[in-house]
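Asker: Pasting in a structure now, in structure tokens, and then I'll have a few things to ask.
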Amino acid sequence: MRVPVAVKVGAFALFVMGTYTYYANSIPQIQSKPPAELSLEGGNVTPAQLVKAGEETFKTKGTCEICHRIGQKGTRAPDLAGIGSRAGKVKAGQSAKAYIIESLLQPGAHLVEGYPNIMPQVDKPPIALNRSEVWALTAFLESLGGTVDVKLDDIPKTVGAGAAGGGATAELKLPGDAKAGEAIFTGKGGCIACHKAGKIGASPVGPDLSQIAKIQTPDYLMRKILDPAGAGTVAGFPKGVMPPMFGQTLTAKDYMDLVAFLMTLK
Amino acid sequence: MALAVVAFLTLLSVLPAVAQDAAKEPAYRAFPLIGSRLAVWAVAQLHLNFAAFILGVPIFAVIIEIIGWRTGDARYDWLSHEFVKLTFAAFSTTALLGALLLFLFVGYYPKFWTYMTSIFFPTYWVYALLFFAETFTVYVWYYGWDWLSGPRKGIHVGLGVLSNLFGTAILLVANSWVTFMISPAGIDESGALKGSVWAAINNFTWMPINIHRLIANIVFGGTIAAAYAAFRFLGAKTDEERARYDWMGYIGNFVALSAFIVLPFAGYYLGREIYAFNQTMGITMMGGFMSWLWIIQAILIGVLFMGSNYYLWLGMERIPGSERYRRYVPIMIGILAFGFMVWATPRSMVITLDEARAMGGTHHPVLGFLGVMSAKNTAVNMMILTTFLSFVLYRRANRISTKSWVGAGMIVQWVALGLAAVVVVFYGVYGYFVESMVRIGFSVYQVLAVLGAIGVVMAIDIPMFKGARSTGTIRWGTIAPRSQYVLILLAVTFTWLMGLMGFARSGIRQHWHVYGVMRDSSVDAVTPAIGYAANMITIVTIAFFALVMFIFWLGGLGEKGMAGGSGHHAPAPVFAGGSDADPTPAPSRESTGGRSPQRS
Ligand code: HEM
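Listed below in structure tokens is the structure:
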């Protein structure tokens with residue numbers, strides 16, 4: 001019996017695709033899991049679970065440890081040990097819970113003595129925590145010396161809802177050329193004399209900038225370069241050391257390239 | 267089809283209302299059984315396959331129609347008509363799949379769709395109108411074939427060109443949505459449109475994907491047409507039929523091959539723009555969890571190169587006089603095989619961000635990435651040169667130039683090819699000794715050398731073989747049947763490759779609907795591994811071919827019904843004539859300036 005052409009061609013096509021499929025299944029299989037984003041809304045969570053989730057956020061997505069430490073002074077920010085009890089005494093009439101939430105969402109509203117206003121709003125890029133995460137984080141901070149009493153409803157509904165999907169890290173596209181910016185950093189700008197940035201530079205005079213894009217907005221970086229004192233002096237570092245005249249010595253292009261480069265440091 | 271258009275338009279007009287209600291709506295609904303992701307994946311890919319088909323085939327049909335018109339060779343006109351018929355049959359399926367896709371988005375991803383609508387709503391109208399315009403133009407193009415023949419042929423060709431312009435415009439609009447999801451632009455921090463929608467349309471990856479896709483679609487159209495011809499060839503009862511479909515397959519493959527050769531360049535451009543938009547995304551793509559995907563891509567591309575060459579070599583056997591060139595085949599196989607191996611060599615397997623940084627010796631992984639691509643550039647350029655050589659040899663297989671300067675001409679040609687090869691290899695090797703910044707520039711020289719050589723060789727070849735003495739006519743239809751399986755292999759491989767790249771395009775966003783702006787918080791946020799994706803691609807590809815076969819079969823039924831009627835008869839393939847190997851316009855045969863002279 002003659003095999004119909006359609007059958008032969010079909011079998012051949014299936015064989016070809018089968019081979020590709022087999023091969024694709026035989027090589028290492030790697031999935032891409034979304035970074036765990038906490039969603040506790042609607043679920044029943046115990047305070048202990050909440051605190052644990054908050055601690056996790058503190059260490060990972062929150063990137064808080066780039067500035068803060070618990071039990072010692074951080075690189076750029078105050079020691080957070082005991083914040084749970086201290087928080088209730090900062091402003092008369094403000095509970096610990098309210099102060100902590102305010103510190104996270106409007107860090108500039110009250111500045112800790114001796115520290116500049118450099119902490120980013122945690123629900124905005126680059127940190128961009130969602131509502132659940134802010135809730136858990138508050139619980140964690142309360143647990144450092146205080147009592148955990150925060151409810152989801154204490155966190156404003158607008159938190160983390162900025163971008164349509166929540167938890168956004170809107171990738172801003174800067175016009176500068178990061179490669180050229182690196183050259184400014186090591187050359188003309190002379191930043192390398194005082195800063196470390198990943199593999200380049202080692203100077204401890206100014207803060208380590210290796211992860212600066214994780215914790216700071218382009219806005220801040222731009223301000224800091226033009227007006228170091230006006231942007232606030234990073235705690236633990238001497239005032240007036242970072243030169244104030246970059247606004248004069250760098251061209252507009254140098255400046256944009258430099259910022260673009262700094263934004264790659266994460 | 268009209269129905270589909272109406273459904274589509276109705277849907278569009280209710281969208282704003284849908285958008286308003288969105289606040290009360292859930293972000294996701296679950297598609298029964300297979301889940302929303304698989305449903306959207308399958309329908310989107312099928313829609314894309316069909317869209318590519320109805321975009322690519324007419325481009326190719328109009329080129330052929332023009333050739334037929336200018337040369338008066340009725341075969342081309344018949345072939346063009348045949349292809350428009352195939353397109354026509356696929357039109358309504360495309361529209362239906364498009365409408366289905368829209369339903370899936372609106373129903374199962376309402377929040378996502380509301381967001382997209384908030385940005386792109388004006389373009390929906392443009393899309394619908396363009397679709398309407400294209401449908402209409404193709405309609406007139408197809409049904410006006412006889413009416414607009416003879417002295418009115420120019421108008422007819424104009425219609426063909428016009429429908430292709432509409433088709434391409436549709437592609438550009440749809441691409442703006444897809445590329446926005448990859449590389450959003452023109453929006454503020456909260457994701458809302460800042461200025462005009464143009465900024466969102468003209469995002470980083472829009473142009474590169476437009477170019478890459480347009481070319482890929484032409485290749486696709488060509489391979490599918492060739493596979494169709496192969497299928498008919500294998501089932502042919504008479505020598506005449508075999509001859510006709512052999513020729514048709516050859517032309518389909520020729521068009522596909524010509525476009526295929528430029529795809530790698532377009533691909534590199536696309537890759538580079540993705541890096542420029544966001545390095546993390548670039549690294550995810552080439553060095554991150556997707557790195558294995560490129561190995562498979564390389565294998566598929568290798569199969570495509572090998573297959574096209576093999577087809578040309580087999581084709582030579584039906585050309586008397588080609589024996590002279592057989593001895594080059596082993597050398598060409600060698601170059602192709604070697605090039606293939608280099609191309610498939612993994613360079614950057616899964617690496618962390620830090621490793622990627624270390625790789626280039628700088629903080630700029632873009633340069634690092636393109637740097638290691640130096641060897642691959644070299645390999646792919648050599649494969650292109652070899653394929654071109656195959657084609658040149660094929661072209662002259664049955665012809666002996668009668669020009670006095672033939673010796674000199676040949677020498678110049680070989681020198682041009684040789685020089686190009688030397689330039690390509692030289693810069694490939696030299697690339698390892700210079701900084702990555704310099705190295706990127708090299709790939710431009712390589713491409714220029716290859717294109718230059720192609721230009722020089724063809725510029726000499728065409729006059730050199732004009733009026734050449736024939737060593738015998740091409741015996742169309744006598745090609746070995748396995749060559750037809752090669753054509754089918756090419757079509758299947760290319761379609762599968764499209765599916766794979768579709769996965770790459772969407773997977774690269776990982777857990778984002780719109781990268782960095784709108785997160786995928788559904789149960790399907792995990793991006794699956796390559797094996798899972800491959801299974802899916804195979805299923806979709808099978809479904810695609812099954813649908814296509816069905817549609818063609820339906821078309822065939824109609825044809826049979828009309829047998830003896832006033833259908834378009836295929837002109838008998840011309841068996842004589844030394845220029846048969848030459849798909850470029852041969853100086854006029856009995857010129858009629860229009861439709862088939864056989865028609866009464
Ligand atoms: C020989 C070289 C290449 C061939 C034959 C090829 C082929 C294809 C095909 C057939 C598609 C599907 C087009 C469609 O869906 O309409 C595609 C898409 C794509 N290609 Fe390539 N490609 C090549 C090189 C590259 C390179 C070097 C890159 C990047 C480094 C690349 C990146 C992509 C991406 C991201 C897509 C998805 C875009 C889309 O949805 O259209 N390609 N390619």
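Chains U and S, in that order, are what the protein sequence lines are. In this text, residue positions in the first sequence follow our numbering: the first is 1, and each later residue adds one. In this text, residue positions in the second sequence follow our numbering: the first is 267, and each later residue adds one. For each residue, glycine too, the CB sits at the ideal point set by N, CA and C. Fair warning: this is a prediction, and the values are worked out from it, not measured in the lab.
In chain order, what residues of the same chain lie with their CB nearer than 6 Å to the CB of U:F270, ignoring the 5 residues before and after it?
Answerer: As shown, chain U starts at 1 and ends at 266. That puts residue 270 of chain U outside it, with no answer to give.
Asker: Run through chain S and tell me which residues come within less than 7 Å of U:V9, C-beta to C-beta.
Answerer: One-based indexing of the first sequence puts residue 9 of chain U at position 9. Correct list: F497, L500 and I754.
Asker: Cα-Cα, which of U:G190, U:Y99, U:G198 and U:R86 is closest to U:D254?
Answerer: Position 254 of the first sequence holds residue 254 of chain U. Checking every option, the nearest Cα to that of U:D254 belongs to U:G190.
Asker: Return the first residue and the last residue of the alpha helix (DSSP H) that S:H422 is part of.
Answerer: As a first step, residue 422 of chain S is located in the second sequence; it is residue number 156 there, counting from the start. Per DSSP, S:H422 belongs to the alpha helix (DSSP H) from K419 to I448.
Asker: List the whole-angstrom C-beta distance separating U:G82 from U:L144, where the pair is believed to meet the contact cut-off of C-beta under 8 Å.
Answerer: Looking up residue 82 of chain U in the first sequence gives position 82. Looking up residue 144 of chain U in the first sequence gives position 144. Sure, about 6 Å apart at Cβ, within 8 Å.
Asker: So who's on the other strand from S:W307, going by DSSP bridges?
Answerer: Start at 1 with the first residue of the second sequence, and residue 307 of chain S comes out as number 41. Answer is none; S:W307 lacks a bridge partner.
Asker: What did DSSP end up calling S:M784 once you bin it into helix, strand or coil?
Answerer: On the second sequence, residue 784 of chain S is found 518 positions in, with the first residue counted as 1. S:M784: strand per DSSP, three-state reduction.
Asker: With H, G and I counted as helix, E and B as strand and the rest as coil, what does DSSP make of S:R865?
Answerer: For this step, residue 865 of chain S is matched to residue 599 along the second sequence. Here the model assigns S:R865 a pLDDT of 35, short of 50, so the residue's position is not dependable and the matter cannot be decided.
Asker: Tell me S:T793's beta-bridge partners as DSSP assigns them.
Answerer: Position 527 of the second sequence, counted from the first residue, corresponds to residue 793 of chain S. Per DSSP, U:S32.
Asker: I think S:V323 touches S:F349, with their Cβ atoms under 8 Å apart; what is that distance to the nearest whole Å?
Answerer: Here residue 323 of chain S refers to the residue found at position 57 when the second sequence is read from its first residue. Here residue 349 of chain S refers to the residue found at position 83 when the second sequence is read from its first residue. At roughly 5 Å, the Cβ-Cβ gap stays under 8 Å, so S:V323 and S:F349 are in contact.
Asker: Within a Cβ cutoff of 6 Å, which residues of the same chain sit near S:K377, ignoring the five residues on either side of it in sequence?
Answerer: As a working note, residue 377 of chain S is residue 111 in the second sequence. Once the five neighbours on either side are set aside, the close Cβ partners of S:K377 are A293.
Asker: What are the start and end residues of the alpha helix (DSSP H) that includes U:K253?
Answerer: Taking the first sequence and counting its residues from 1, the one referred to as residue 253 of chain U is at position 253. A252 to L262 is the extent of the alpha helix (DSSP H) around U:K253.
Asker: With a CB to CB cut of under 7 Å and the five nearest residues on each side skipped, what residues in its chain are close to U:T264?
Answerer: Counted from its first residue, the first sequence places residue 264 of chain U at position 264. For U:T264, where only same-chain residues beyond five positions count, the Cβ hits under 7 Å are A178 and A213.
Asker: Would a check of beta-carbon distances place S:Y541 closer than 8 Å to chain U?
Answerer: Indexing the second sequence from 1 puts residue 541 of chain S at position 275. With 8 Å as the cut-off, S:Y541 does not count as an interface residue toward chain U.
Asker: How many angstroms separate the CA atom of S:A522 from the CA atom of S:F654?
Answerer: On the second sequence, residue 522 of chain S is found 256 positions in, with the first residue counted as 1. On the second sequence, residue 654 of chain S is found 388 positions in, with the first residue counted as 1. So the alpha carbons of these two residues sit roughly 13 Å apart.
Asker: Short of 7 Å in beta carbon distance, which residues of its chain neighbour S:R479, apart from the five on each side in sequence? Order them along the chain.
Answerer: Here residue 479 of chain S corresponds to residue number 213 of the second sequence, with the count starting at 1. The residues are L437 and N441.
Asker: Can you give the beta carbon distance from S:L529 to U:V9, rounded, assuming they're within the 8 Å contact cut?
Answerer: Here residue 529 of chain S refers to the residue found at position 263 when the second sequence is read from its first residue. Here residue 9 of chain U refers to the residue found at position 9 when the first sequence is read from its first residue. Their Cβ separation, rounded to whole angstroms, is 26 Å, which puts S:L529 and U:V9 out of contact at 8 Å.
Asker: Would S:P586 and S:N468 qualify as a contact pair, given that the criterion is a beta-carbon distance under 8 Å?
Answerer: By one-based count along the second sequence, residue 586 of chain S stands at place 320. By one-based count along the second sequence, residue 468 of chain S stands at place 202. No; because the gap between Cβ atoms is not below 8 Å, this pair is not in contact.
Asker: Residues of the region 49-69 of chain U in Cβ contact with chain S at a cutoff of 8 Å, in chain order, please.
Answerer: So nothing in the stretch comes that close.
Asker: Does any residue of chain S bring its CB to less than 8 Å from the CB of U:A168?
Answerer: By one-based count along the first sequence, residue 168 of chain U stands at place 168. With a pLDDT of 37 at U:A168, under the threshold of 50, the predicted position of this residue should be treated as unreliable, and no value is reported.
Asker: Name the two residues that bound the continuous alpha helix (DSSP H) containing S:P298.
Answerer: Taking the first residue of the second sequence as 1, we reach residue 298 of chain S at position 32. Per DSSP, S:P298 belongs to no alpha helix (DSSP H) and is neither H nor E.
Asker: According to the neighbour-count rule (16 or more other Cβ atoms, all chains shown, within 10 Å of its Cβ), is S:M757 buried or exposed?
Answerer: By 1-based counting over the second sequence, the position of residue 757 of chain S is 491. Correcting the residue identity first, residue 757 of chain S is Ala in this sequence and not Met. By the 10 Å Cβ count, S:A757 comes out buried.
Asker: Find the residues of chain S that neighbour U:A24, judging by a C-beta separation of less than 7 Å, and give them in chain order.
Answerer: In the first sequence, counting from the first residue as 1, residue 24 of chain U sits at position 24. Per Cβ cutoff of 7 Å: I562, I796, G797 and A800.
Asker: S:Y781 and S:M248 - do their beta-carbons sit closer together than 8 Å?
Answerer: With chain S represented from 267 up to 866, any question about residue 248 of chain S goes unanswered, as that position is not in the structure.
Asker: To the nearest angstrom, how far is the alpha carbon of S:N483 from that of S:N476?
Answerer: For the purposes of this step, residue 483 of chain S is taken as the residue at position 217 of the second sequence. For the purposes of this step, residue 476 of chain S is taken as the residue at position 210 of the second sequence. Answer to the nearest angstrom: the Cα atoms are 10 Å apart.
Asker: Is the distance from the Cβ of S:F662 to the Cβ of S:F731 below 8 Å?
Answerer: For the purposes of this step, residue 662 of chain S is taken as residue 396 along the second sequence, with counting starting at 1. For the purposes of this step, residue 731 of chain S is taken as residue 465 along the second sequence, with counting starting at 1. The sequence as given places Arg at residue 662 of chain S; Phe does not occur at that position. Contact: yes.
Asker: Any C-beta of chain U sitting closer than 8 Å to the C-beta of S:T471?
Answerer: Here residue 471 of chain S is taken as the residue at index 205 of the second sequence, counted from 1. It does not: the Cβ of S:T471 has no partner Cβ on chain U nearer than 8 Å.
Asker: Does the distance from the C-beta atom of U:V127 to that of U:P120 stay below 8 Å?
Answerer: The sequence position of residue 127 of chain U within the first sequence is 127, counting from 1. The sequence position of residue 120 of chain U within the first sequence is 120, counting from 1. Position check: residue 127 of chain U holds Ile in this sequence, whereas Val was assumed. In contact: U:I127 and U:P120 (Cβ atoms closer than 8 Å).
Asker: Going by DSSP, which residues form a beta bridge with S:W778?
Answerer: Position 512 of the second sequence, counted from the first residue, corresponds to residue 778 of chain S. Answer is S:R785.
Asker: Considering only residues of the same chain and omitting the five flanking positions on each side of S:F769, which have a CB-CB separation below 7 Å?
Answerer: For the purposes of this step, residue 769 of chain S is identified with residue 503 of the second sequence, where counting begins at 1. Once the five neighbours on either side are set aside, the close Cβ partners of S:F769 are A799 and I803.
Asker: How is the alpha helix (DSSP H) around U:K224 delimited, first residue to last?
Answerer: Along the first sequence, read from residue 1 onward, the residue named residue 224 of chain U stands at position 224. Residues P218 to L226.
Asker: Helix, strand or coil for S:I720 per DSSP?
Answerer: Residue numbering aside, residue 720 of chain S sits at position 454 when the second sequence is read from its first letter. DSSP places S:I720 in helix when its eight states are reduced to three.
Asker: Can you name the residues of chain U whose CB is closer than 7 Å to the CB of S:A663?
Answerer: By one-based count along the second sequence, residue 663 of chain S stands at place 397. Residues of chain U passing the Cβ test: none, with the nearest at roughly 27 Å.
Asker: Within 10 angstroms of its Cβ, does S:D339 collect 16 or more other Cβ (buried), or is it exposed?
Answerer: Translated into positions along the second sequence, residue 339 of chain S becomes position 73. Per the 10 Å Cβ criterion, buried.
Asker: So the alpha helix (DSSP H) S:K351 belongs to, where does it begin and stop?
Answerer: In the second sequence, counting from the first residue as 1, residue 351 of chain S sits at position 85. A340 to Y374 is the span of the alpha helix (DSSP H), which, as asked, contains S:K351.
Asker: Taking 8 Å as the cut-off, decide whether the C-beta atoms of S:A305 and S:F297 are in contact.
Answerer: As a position in the second sequence, residue 305 of chain S is number 39, starting the count at 1. As a position in the second sequence, residue 297 of chain S is number 31, starting the count at 1. Yes; because the gap between Cβ atoms is below 8 Å, this pair is in contact.
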